[in-house]
Amino acid sequence: MIKRQVKHFVHCFENAILNLPPHQEQVVWLIDLEGIKMSDIAFKTSREIVHVLQSYYPKRLGLIILFNAPVMIFQPFFKMTRPFLETEIYNKIKFCYSDDHNSKKILEDLFDMDKLESAFGGNGDTGFDKNKYAERMKEDDSKFLSF
11 MIKRQVKHFV HCFENAILNL PPHQEQVVWL IDLEGIKMSD IAFKTSREIV
61 HVLQSYYPKR LGLIILFNAP VMIFQPFFKM TRPFLETEIY NKIKFCYSDD
111 HNSKKILEDL FDMDKLESAF GGNGDTGFDK NKYAERMKED DSKFLSF
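Just so you know, the sequence shown maps onto residues 11 to 157 in this note's numbering.
Okay, here's the thing in structure tokens:
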């Protein structure tokens, strides 16, 4: 199961890289953790993903933004994972909260707020369109095949 989850992560990360604008080199990974519980966290999978990021993508990863991470869960989780994090990756992790002015500034500096979903404090309200998503995935598959 862990192997499949890590493989899926790599596919998603490679897909994000594939879709970067020509002038952009790094990916910002924005993770919505609203409502997450300790039982939802797969520690071994998290450790493997950190290993993949550190070993294969340290320059491609711009930031990891943990959005609305419950403090009671993520303080101990972050302490547990800290020994596995190289300084370069550790320094790229930011905690952002919807009710925090500094967090809003971080997001405004990184994203077009008119396109960022409202769940992350943006003004975007397009919602998820499965047909558009399916079409984009077909386009991405053809890009992968061209390599």
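Heads up, the beta-carbon is just placed ideally off N, CA and C, and yes, glycines get one too.
Bear in mind the structure is a predicted one, so any value in this text is a computation, not a measurement.
Its Cα nearest to that of D42, the residue G131 stands out among D135, E24, G131, M90. Under the three-state reduction of DSSP output, D50 falls in the helix class.
The C-alpha of L40 lies about 7 Å from the C-alpha of F77.
With the rule of 3 Cβ pairs closer than 8 Å, the segment 106 to 116 does not count as touching the segment 57 to 69. Following the DSSP letters along the chain, one finds K114 inside the alpha helix (DSSP H) bounded by residues 111 to 120. Cβ-Cβ separation between R57 and T97: approximately 17 Å, too far for a contact (criterion under 8 Å). DSSP places L28 inside the alpha helix (DSSP H), whose first and last residues are 12 to 28. Residue environment analysis places F23 among the buried positions, since at least 16 neighbouring C-beta atoms fall within 10 angstroms of its C-beta. Beta-bridge partners of F77 (DSSP): D42, C106. In terms of Cα proximity to L30, the closest of Q85, R70, G45 is R70.
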